[in-house]
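Just remember that the working numbering sits 101 ahead of the position in the sequence shown, which is counted from 1.
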Amino acid sequence: MWLKPEEVLLKNALKLWVTQKSSGYFILQRRRGHGDGGGRFTGRLVGALDAVLDSNARVAPFRILLQVPGSQVYSAIACGELLNGSEVYWAIAIGATAEEINQHWEWLEQNLLHTLSVFDNKEDIVSFVKGKVKALIAEETSSKLAEQEEDPEKFREALVKFESRFNFPEAEKLITYYSCCCWKGKVPRQGWLYLSINHLCFYSFFLGKELKLIIPWVEVQKLERTSNVFMTDTVRVTTANKERDFSTFLNIAEAFRIMEQLADVTLRRLLDNEIFELDPGLQDPTQITKRLPRKEKLQEVVDCSLWTPFSRCHTAGRMYTSDSYICFASKENGCCTVIIPLREVISIEKMEDTSLLPNPIIVSIRSKTAFQFIELKDRDTLVENLLQRLKEVNSSSPLYCNNLQNNNQSSLACGSVCTPGDDEPACLGTEASQGKERSECEKENNYLLNAEALRSDFHQSVIPGLDFGKSREQIKESLWDDHFVEYGSTVCMFRTEKIRKLVAMGIPESLRGKLWLLFSDAETDLASHPGYYVHLVEASMGKCCMATEEIERDLHRSLPEHPAFQSETGIAALRRVLTAYAHRNPKIGYCQSMNILTSVLLLYAKEEEAFWLLVAVCERMLPDYFNHRVIGAQVDQSVFEELIKEQLPELAEHMKDLTALASISLSWFLTLFLSIMPLESAVNVVDCFFYDGIKAIFQLGLAILEANAVDLCNSKDDGQALMILSRFLEHVKNEESPLPPIGNHHAFFSDDQEPSPVTEIANLIHDSYEKFGDHSVEQIEHMRYKHRIRVLQSHEDTTKQNVLRVVIPDVSILPEDLEELYDLFKREHLLRCYWESGGALSERHDPSRPYAEQYRIDARQFASLYRLLSPWTCGEHTDLLAHRTFRLLDDNSDRLIEFKALASCLDVMYNGEMNEKIKLLYKLHIPPALTENERDSQSPLKNPLLSTSRPLVIGKSNGDAVDYQKQLKQMLKDLAKEKDTKTEKELPKMSQKEFIQFCKTLYSMFHEDPEENDLYQAIATVTTLLLQIGEVGQRSMSSGSGSDEFTEDLQPEASTSDQDAVFTDTVKTPPKDSQPSPVTEGDWTVSFEHILASLLTEQSLVNFFEKPLELKPKLENAKLNQYSLRTNGMSCQSRSEHAKPSTQ
């Protein structure tokens, strides 16, 4: 099998390979332990290791290396062996058998070996061979994918094993699987790695031992490719508690890429509250797809060739189709890309198939241009799908299809409004449907909006001496006009390396707004939503909220040095755009730096165009930048740090902590250098950003640091480094600008010291492309995957520490136990979220809420934790008690509770005094914890146990007798005394039905306790006593002379004064501030004080409630069993619901 050429490097490890054949440029090697009889210890060890591995996962025993003596070309990936210290080798093929590898060797000898001798340059030999091998790989890959699609039986078999081994619900979709090894210390366990949408799972059964490993993606803190002394390439998965290494993949690069993407998607969905569909293909990110709206779903990825008239040939590449776009990217990076919105397409037709034009189709667009694609496999199905989507797009916007004449129509359409998209406020749909009623209002309001860019309204007079700049503008305009003729002038233009060079020179002032719209594809949004901005302005203006208050504060801080924003015209336009966007996207609302960006957009674009440019930047080009957590900006700061270490190692070595540089550069990313460079220079940076995306900002930042590397290395502290960079950026000039320089109000320092050298912006941008432009969008996106995991987990750690800091002072649970409890609470929340719809998830987790309120659980989740953690286990009665506890803790009745409520409840159960525990139990058996249905349920307790005629003298085992009548008398005296000093709000009294439920709970709690018999005897005595107290109170209420009756029922010598005080206070006249009792006059009742005092009379009950309890063992057990209990319960529920017959 051919491999993508990779540099081989094996340091500090055993020599595992033996050379069998060698030619001038190629080496064939055999792995030790394969094919040699006996052999030395090394060979036997390697052979034994490979023998225990699964046939799909073991290291291939044969390989072919490319060797080019004296070549200085280096590859990006190291994964093999360095044979000679000064030479470079590349692995280009592997084989499972000698016959297979010999076929590859013969092909090389017949097709390449003699050809290589004609090359004089060593680097040319490397490039030629690598190109040939990549072409062979492309052919093999396409054929294998077709085979997989035609025969899915193998995947279906793996899916069955996955479901049976891990017992997940049906909603847990398997993405892919690999045969590999999981390392446990120094011992590898061969098995199968399953990657699903929420989990990484590993299963192994080896030498009679079964190993199941489940790692939720949301708990992954780091994913990296590394090596150890045994294996040169492993995938390391790091969680809070453990590191796991996986190795011996046949295609480790593919496995690692998918793991990165799954971890990234899941973390954003669960921790950052992102709601979006998972693309089952998990395609690589590309330059073109980053331009499309985030709601676009990738449909097909097809290899093809596109006719490029400027090169007069067909260019090989790949077609990407989505819901509303057809895109093309050449295989050669930067050669050619095309974006075709389906709204621009007139027809899609199949042409006659010929030998010169195999499987061609023609895509015709409105600008009288046609694109010819050839070599399309399964052309018929592709065309059918494209035509169906074209029909859907046209039917959703008939106005656009009927009235659009060109791409430069007026920005202020006043006709009917298309139905807003999913990302638009629902209220606009209603307004749009009332077009007739609002048409007059629209006409009246249209004059408020600027129909031209502010630059044209506030055009500054060109000062003398700038004629050279004006002539340069004319030259640029001429170059762009020529480019438009050859490559196109609409959003469907051919985007090549030539246009990048033109952009780097600086877009002419007259074309800047138009090209920003085309490069960002805001032009399509504008054409797709005629009148949308007008309605947004009407809906949002005049409304007051936090966003509008912040906008008003920042309006006069936005380019105050520019005359356009020294007048009410510019300020009003800026207010309308920012307010309309805050109304459109409340999740973002308004963030600082949006005002600076929008003010520049208004200078070069019409007001409505500026609005759609702002939408493109905030929602597509800089996702997650403009919110209260600025996750996107933090991720890119981390990526920037990594690029500094990679591209500027000397600077990174000097500045050990790059956090300072990252914080300095934060404004570079948030404002695209607009806040720290002169405006006439910064707009050139914005030109590059709209064409190349965030890649342009990364490479320009590196160029700035390189230009100041010497001074930064000599700087003494962060403050000096900040001053060096600020002064440099202040003196970045644009000599070719036709406009006079505008002072930068946002600059950090004025130039009061010695003059600094002036840097030309065009030269700085040119250097950034030449020196640091080799990073592709794919590479940056993969770096973002890695750092987004770290940034999101860092936010989660911050949330956790803040929650614990609030809870720790209020409970007696040890901090380390409380930390583990928080982890269990959060995991319980996530276990339910894995398989729920987006609505429920967003309802329960909102990162914008206060820390303590971000994670909440419902009654069923609480019941699961209660079963695992509560010391009050009551058998079948446990779930009932759990739901009562949940209702008691749910103060605001929103059916969700926070972590603090759970911690407080468990703190009482484990660390509370006896009276606190009894009070909690008491509250669990009165409303709101106890519902009416539960109160009316029949008690399983037998009548003799509750008899009020039982003697109040119980014989003890030692023959002594205890007179409970005297204890009762003393108890009532104590209660009467406590009434005078008690200040705490009194609990409602308990009715007989509620008391029966209370007794039932106590009996259930004592089951299987070592002192079970003593506890049953004690509770029987206490129950009888309390029933008699309740009956006495009932009679006293009904007759008005309860003290005398009560005295007669007990002993004649009992004093009645204290007893009267008790019953008078607790039954007849409750305090005014106490909660109203649900019982009516004359009902049987008993108070909390009665129950507590009665329980205190029995030492065995006192011992039971005061015995020390340990939370840690429960926590350890919960960590082991929480996942299996919840997944088993969810899967059983899923299967039962799936099996239920329809009731319709």
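Heads up, the beta-carbon is just placed ideally off N, CA and C, and yes, glycines get one too.
Small disclaimer: the values here were computed from a predicted structure and weren't measured.
Distance between L1216 and E921 (C-alpha atoms, nearest Å): Counting from 1 along the sequence shown, the entry for residue 921 is found at position 820. Counting from 1 along the sequence shown, the entry for residue 1216 is found at position 1115. Answer to the nearest angstrom: the Cα atoms are 7 Å apart.
Extent of the continuous alpha helix (DSSP H) run through Q489: On the sequence shown, residue 489 is found 388 positions in, with the first residue counted as 1. 480-497 is the span of the alpha helix (DSSP H), which, as asked, contains Q489.
Boundaries of the beta strand (DSSP E) in which C428 is found, first to last residue: Residue 428 sits at position 327 when you count from the first residue of the sequence shown. Counting along the chain, the beta strand (DSSP E) containing C428 begins and ends at 426-431.
F640, DSSP secondary structure in three states: Locating residue 640 in the sequence shown gives position 539, counting from the first residue. Here residue 640 turns out to be Ala, not Phe, going by the sequence shown. Helix at A640.
Where E1091 falls: helix, strand or coil (DSSP): Reading the sequence shown from its first residue, position 990 is the one you call residue 1091. A small fix is needed here, since residue 1091 is Met in this sequence, not Glu. Looking at M1091 - three-state DSSP - the assignment turns out to be strand.
Residue range of the unbroken alpha helix (DSSP H) whose run includes K1018: Here residue 1018 is taken as the residue at index 917 of the sequence shown, counted from 1. Note, K1018: alpha helix (DSSP H), 1015-1024.
Three-state secondary structure (DSSP) of S1137: As a position in the sequence shown, residue 1137 is number 1036, starting the count at 1. Correct three-state label for S1137: helix.
Residue range of the unbroken alpha helix (DSSP H) whose run includes E207: The count along the sequence shown starts at 1 and reaches residue 207 at position 106. Here the alpha helix (DSSP H) through E207 covers 199-209.
Three or more C-beta pairs below 8 Å linking the segment 749-759 and the segment 775-792: no
Beta-carbon gap between C405 and M420 smaller than 7 Å: For the purposes of this step, residue 405 is taken as residue 304 along the sequence shown, with counting starting at 1. For the purposes of this step, residue 420 is taken as residue 319 along the sequence shown, with counting starting at 1. Result yes, Cβ atoms of C405 and M420 sit closer than 7 Å.
Same chain, Cβ closer than 7 Å to H1191, five either side skipped, listed in chain order: As a first step, residue 1191 must be located in the sequence shown, where it is residue number 1090. Excluding residues within five positions, the ones whose Cβ falls inside 7 Å are L1127, I1130.
Cβ shell of L679 (< 7 Å), same chain only, five flanking positions each side left out: Along the sequence shown, read from residue 1 onward, the residue named residue 679 stands at position 578. Here the set comprises I652, Y691, M695, N696, T699.
Element boundaries [alpha helix (DSSP H), containing L677]: In the sequence shown, counting from the first residue as 1, residue 677 sits at position 576. In the sequence under discussion, the amino acid at residue 677 is Arg, which differs from the Leu named in the question. Counting along the chain, the alpha helix (DSSP H) containing R677 begins and ends at 669-685.
Cβ pair Y952, K927 closer than 7 Å: Within the sequence shown, residue 952 is the residue found at index 851, counting from 1. Within the sequence shown, residue 927 is the residue found at index 826, counting from 1. No, Cβ-Cβ distance for Y952 and K927 is not below 7 Å.
Three-way DSSP call (helix, strand, coil) for C281 in this model: Residue 281 sits at position 180 when you count from the first residue of the sequence shown. If DSSP states are grouped into helix, strand and coil, C281 belongs with the strands.
E311 - partner residues in DSSP beta bridges: Taking the first residue of the sequence shown as 1, we reach residue 311 at position 210. In the DSSP output, where bridge partners are listed per residue, E311 has F306.
Nearest-angstrom Cβ-Cβ length linking E999 and E954, presumed shorter than 8 Å: On the sequence shown, residue 999 is found 898 positions in, with the first residue counted as 1. On the sequence shown, residue 954 is found 853 positions in, with the first residue counted as 1. Confirmed, about 6 Å.
Run of the beta strand (DSSP E) containing W617, from where it starts to where it stops: Position 516 of the sequence shown, counting from 1, holds the residue named residue 617. Looking at the DSSP string, W617 is not in any beta strand (DSSP E); the run it does join, the alpha helix (DSSP H), is 613-621.
The alpha helix (DSSP H) enclosing M824, as first and last residue numbers: Against the sequence shown, residue 824 aligns to sequence position 723. Run containing M824: 819-831, per the alpha helix (DSSP H) assignment.
CA-to-CA distance, D818 to I226, given in whole angstroms: Stepping through the sequence shown from its first residue, residue 226 is reached at position 125. Stepping through the sequence shown from its first residue, residue 818 is reached at position 717. Distance between the alpha carbons of I226 and D818 is about 49 Å.
Per-residue burial, P1209 [other beta carbons within 10 Å of its own, 16 or more giving buried]: Counting from one through the sequence shown, the residue named residue 1209 turns up at place 1108. Under this definition P1209 is an exposed residue.
For R420, the first and last residue of its enclosing beta strand (DSSP E): For this step, residue 420 is matched to residue 319 along the sequence shown. A small correction: the amino acid at residue 420 is Met; Arg does not occupy that position in the sequence shown. Start and end: 414-423.
Reference I862, options H876, L780, N903, closest by Cα: For the purposes of this step, residue 862 is taken as the residue at position 761 of the sequence shown. Checked all of H876, L780, N903; the closest Cα to I862 is L780.
R654 versus C645 - alpha carbon distance: Mapped onto the sequence shown, residue 654 falls at position 553. Mapped onto the sequence shown, residue 645 falls at position 544. The straight-line gap from Cα to Cα measures roughly 13 Å.
Through-space distance from A354 to S187, alpha-carbon basis: Position 86 of the sequence shown, counted from the first residue, corresponds to residue 187. Position 253 of the sequence shown, counted from the first residue, corresponds to residue 354. Below a pLDDT of 50, predicted positions are generally treated as unreliable, and S187, at 42, falls in that range; the measurement from the model is reported next regardless. Distance between the alpha carbons of S187 and A354: 27 Å.
Counted within 10 angstroms of its Cβ, other Cβ atoms place G820 as buried (16 or more) or exposed: The sequence position of residue 820 within the sequence shown is 719, counting from 1. Result: exposed.
Span of the beta strand (DSSP E), counted from its first residue to its last, around R345: Start at 1 with the first residue of the sequence shown, and residue 345 comes out as number 244. Looking at the DSSP string, the run of the beta strand (DSSP E) that includes R345 is 344-348.
P442 versus L619 - alpha carbon distance: Walking along the sequence shown from the start, residue 442 turns up at place 341. Walking along the sequence shown from the start, residue 619 turns up at place 518. Taking the straight line from one Cα to the other gives about 11 Å.
Cβ pair count under 8 Å reaching 3, the segment 346-365 against the segment 396-403: no
Those residues which DSSP pairs with F127 across a bridge: As a working note, residue 127 is residue 26 in the sequence shown. In DSSP, F127 forms a bridge with L167.
6 Å CB neighbourhood of L1103 in its chain, flanking five on each side removed: Taking the sequence shown and counting its residues from 1, the one referred to as residue 1103 is at position 1002. Closer than 6 Å at the Cβ level, and outside the excluded window around L1103, lie I1120.
Alpha carbon of L167 to alpha carbon of F127, nearest angstrom: Numbered from 1 along the sequence shown, position 66 holds the residue referred to as residue 167. Numbered from 1 along the sequence shown, position 26 holds the residue referred to as residue 127. So the two alpha carbons sit approximately 5 Å from each other.
C-alpha distance - T860 paired with S766, whole-angstrom precision: The sequence position of residue 860 within the sequence shown is 759, counting from 1. The sequence position of residue 766 within the sequence shown is 665, counting from 1. Approximately 19 Å, taken between the alpha carbons.
Boundaries of the beta strand (DSSP E) in which L104 is found, first to last residue: For the purposes of this step, residue 104 is taken as residue 3 along the sequence shown, with counting starting at 1. It spans 103-108 - the beta strand (DSSP E) in which L104 sits, taken as one unbroken run.
Within 7 Å, strictly: CB atoms of R988 and P1029: Taking the first residue of the sequence shown as position 1, residue 988 is located at position 887. Taking the first residue of the sequence shown as position 1, residue 1029 is located at position 928. Yes; because the gap between Cβ atoms is below 7 Å, this pair is in contact.
Chain-order list of residues whose beta-carbon lies under 6 Å from that of F791 (same chain, five-residue window excluded): Counted from its first residue, the sequence shown places residue 791 at position 690. These residues qualify, in order along the chain: W617, F620, S621.
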